[in-house]
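When you line the sequence shown up against this note's numbering, it's residues -18 to 136, in that order. Built from N, CA and C at the ideal position, the CB exists for glycine as well. Being a predicted model, the structure only gives us computed values, none of them experimental. As structure tokens, the structure follows; a few thoughts come after it.
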Amino acid sequence: MSTSTIRATPRSGATLPIIAALATAYLAAVLWLTVRPLPWVTETNETPLGVLNPAAWLDTAAWVDGPSAEIVANVVMFLPAGVFSALLLRGGMRVLAPLALTVFIEVVQIPLESRISHPRDLVANALGAMLGLAAVAVARWMGRRLRQGPSSARV
């Protein structure tokens, strides 16, 4: 395949508006799920000031207590953040944007009585976003390898 072959990329043609619209809908859904006040007050185990308090990060119980399903859900919920970031942004913004999103969410949750700002959530969210970025990087790498065809044996 020649280098002049036109390749469809997420940043070109009709795909960009579709991906941007999906990313916007995803962002709205995540914010609705994570920062809207709930009609009930959560029985909180939040350290005062949540993720902004160094004691919250140093408390051993913060890292070993809590349901595993919640951690998995946070990772899965933020996979698309990494995917959309990789498809729509360039350079360091690919990493900074989803990390800023999760920090924003955890900080906004601090004053909300029905929400808990927790370091474990921030780490799980960030992990999900980074896994999403990695998935796109692997998919792009595999796509390049397939377009190149069988490679010659290396000596």
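Using DSSP with H/G/I as helix, E/B as strand and the rest coil, what is residue i?
i	result
ASN182	A query on residue 182 cannot be resolved here, the shown segment of the chain reaching from -18 to 136 and no further.
TRP21	coil
ALA42	helix
TRP122	helix
ILE91	coil
SER137	The chain is shown from -18 up to 136; residue 137 falls before or after that span and cannot be answered.
PRO131	coil
Suppose the cutoff is 7 Å on Cβ atoms and the five residues either side in sequence are ignored; what does the same chain contact list for residue i look like?
i	result
TRP21	SER95
PRO100	VAL32, ALA37, TRP38, ALA43
GLY47	ARG101
How many angstroms separate the CA atom of residue i from the CA atom of residue j?
i	j	result
PHE59	LEU14	12 Å
GLY73	ALA118	14 Å
ILE52	PRO61	16 Å
With a CB to CB cut of under 6 Å and the five nearest residues on each side skipped, what residues in its chain are close to residue i?
i	result
ASN55	ASP102, ALA105, ASN106
ALA(-5)	none
LEU108	VAL56
Within its chain, find whatever has a CB closer than 8 Å to the CB of residue i; leave out the 5 residues flanking it on each side and keep chain order.
i	result
ASP40	THR28
VAL16	ILE86, VAL89, GLN90, LEU93, ARG96
Taking the continuous alpha helix (DSSP H) assigned at residue i, which residues delimit it?
i	result
THR28	Neither: THR28 is in no alpha helix (DSSP H) and is coded neither H nor E.
GLY63	49 to 69
ALA(-5)	It is not in any alpha helix (DSSP H) - ALA(-5) carries neither H nor E in the DSSP assignment.
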